[in-house]
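Okay, structure first, notes after.
Residue numbers (my numbering): 6 to 89.
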(Lines of atoms letter the chains of each structure in order from A and count residues from 1; the text may use other names and numbers.)
(Lines give C-alpha, C1' and ligand atoms only; values in the text may rest on other atoms or scores of the structure.)
Protein backbone atom coordinates (compact mmCIF):
# COMPACT_ATOMS: atom_id res chain seq x y z
CA UNK A 1 0.00 0.00 0.00
CA UNK A 2 2.93 2.33 0.69
CA UNK A 3 4.15 2.21 -2.91
CA UNK A 4 0.70 3.12 -4.26
CA UNK A 5 0.45 6.09 -1.90
CA UNK A 6 3.97 7.20 -2.86
CA UNK A 7 3.02 7.05 -6.56
CA UNK A 8 -0.16 9.05 -5.92
CA UNK A 9 1.79 11.67 -3.97
CA UNK A 10 4.42 11.82 -6.73
CA UNK A 11 1.69 12.41 -9.31
CA UNK A 12 0.12 15.19 -7.25
CA UNK A 13 3.46 16.91 -6.61
CA UNK A 14 4.44 16.65 -10.30
CA UNK A 15 1.07 18.03 -11.38
CA UNK A 16 1.30 20.96 -8.95
CA UNK A 17 4.84 21.76 -10.14
CA UNK A 18 3.66 21.76 -13.76
CA UNK A 19 0.73 24.02 -12.87
CA UNK A 20 2.94 26.50 -10.97
CA UNK A 21 5.42 26.74 -13.84
CA UNK A 22 2.72 26.69 -16.52
CA UNK A 23 4.49 23.83 -18.29
CA UNK A 24 3.10 20.48 -19.36
CA UNK A 25 5.13 17.58 -18.12
CA UNK A 26 5.82 15.24 -21.05
CA UNK A 27 4.18 11.84 -20.64
CA UNK A 28 0.94 12.92 -18.98
CA UNK A 29 0.12 11.16 -15.72
CA UNK A 30 3.21 8.94 -15.86
CA UNK A 31 5.36 12.03 -16.47
CA UNK A 32 3.79 13.76 -13.46
CA UNK A 33 4.47 10.75 -11.26
CA UNK A 34 8.09 10.58 -12.43
CA UNK A 35 8.54 14.35 -11.99
CA UNK A 36 7.11 14.15 -8.48
CA UNK A 37 9.25 11.19 -7.42
CA UNK A 38 12.45 12.61 -8.92
CA UNK A 39 11.54 15.99 -7.43
CA UNK A 40 11.04 14.46 -3.99
CA UNK A 41 14.42 12.77 -4.25
CA UNK A 42 16.12 15.95 -5.50
CA UNK A 43 14.42 18.12 -2.89
CA UNK A 44 15.37 15.66 -0.17
CA UNK A 45 19.01 15.93 -1.21
CA UNK A 46 18.89 19.73 -1.19
CA UNK A 47 16.64 20.49 1.80
CA UNK A 48 16.28 17.26 3.76
CA UNK A 49 13.00 16.67 5.61
CA UNK A 50 11.84 20.27 5.88
CA UNK A 51 8.22 20.94 6.69
CA UNK A 52 5.18 18.69 6.89
CA UNK A 53 5.10 15.19 5.43
CA UNK A 54 2.19 13.34 3.89
CA UNK A 55 2.48 9.58 3.32
CA UNK A 56 6.20 9.77 4.06
CA UNK A 57 6.90 12.54 1.53
CA UNK A 58 8.10 15.92 2.84
CA UNK A 59 5.91 18.34 0.88
CA UNK A 60 8.09 21.47 0.66
CA UNK A 61 11.32 19.79 -0.50
CA UNK A 62 9.39 17.56 -2.90
CA UNK A 63 7.62 20.53 -4.47
CA UNK A 64 10.82 22.58 -4.77
CA UNK A 65 12.66 19.61 -6.26
CA UNK A 66 9.81 18.93 -8.70
CA UNK A 67 9.80 22.61 -9.73
CA UNK A 68 13.53 22.42 -10.46
CA UNK A 69 13.15 19.12 -12.33
CA UNK A 70 10.18 20.29 -14.46
CA UNK A 71 11.96 23.58 -15.26
CA UNK A 72 15.16 21.83 -16.37
CA UNK A 73 13.15 19.22 -18.29
CA UNK A 74 11.20 21.94 -20.12
CA UNK A 75 14.46 23.68 -21.07
CA UNK A 76 15.88 20.44 -22.45
CA UNK A 77 12.67 19.56 -24.32
CA UNK A 78 12.43 23.11 -25.69
CA UNK A 79 15.96 23.01 -27.06
CA UNK A 80 15.31 19.61 -28.62
CA UNK A 81 12.19 20.94 -30.36
CA UNK A 82 14.10 23.92 -31.77
CA UNK A 83 16.69 21.63 -33.36
CA UNK A 84 14.18 19.65 -35.39
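Note that beta-carbon positions come from the ideal geometry of N, C-alpha and C, so glycine has one too. For clarity, every value in this text was computed on a predicted model and none was experimentally measured.
Could you give the C-beta distance for residue i and residue j, rounded to a whole number, given that I count them as a contact under 8 Å?
{"i": "residue 60", "j": "residue 10", "result": "4 Å"}
{"i": "residue 58", "j": "residue 49", "result": "Incorrect: roughly 11 Å between the Cβ atoms, too far for contact."}
From residue i to residue j, what does the alpha carbon distance come to, in whole angstroms?
{"i": "residue 51", "j": "residue 19", "result": "17 Å"}
{"i": "residue 27", "j": "residue 80", "result": "13 Å"}
{"i": "residue 25", "j": "residue 7", "result": "27 Å"}
{"i": "residue 65", "j": "residue 87", "result": "33 Å"}
{"i": "residue 72", "j": "residue 12", "result": "17 Å"}
{"i": "residue 55", "j": "residue 16", "result": "20 Å"}
{"i": "residue 33", "j": "residue 21", "result": "13 Å"}
Does the distance from the C-beta atom of residue i to that of residue j stay below 8 Å?
{"i": "residue 14", "j": "residue 41", "result": "yes"}
{"i": "residue 36", "j": "residue 74", "result": "no"}
Could you pull out every unbroken beta strand (DSSP E) segment of at least 3 residues lying fully inside the segment 22 to 85, listed in chain order? Taking only runs of at least 3 residues, no beta strand (DSSP E) segment lies wholly in the segment 22 to 85.
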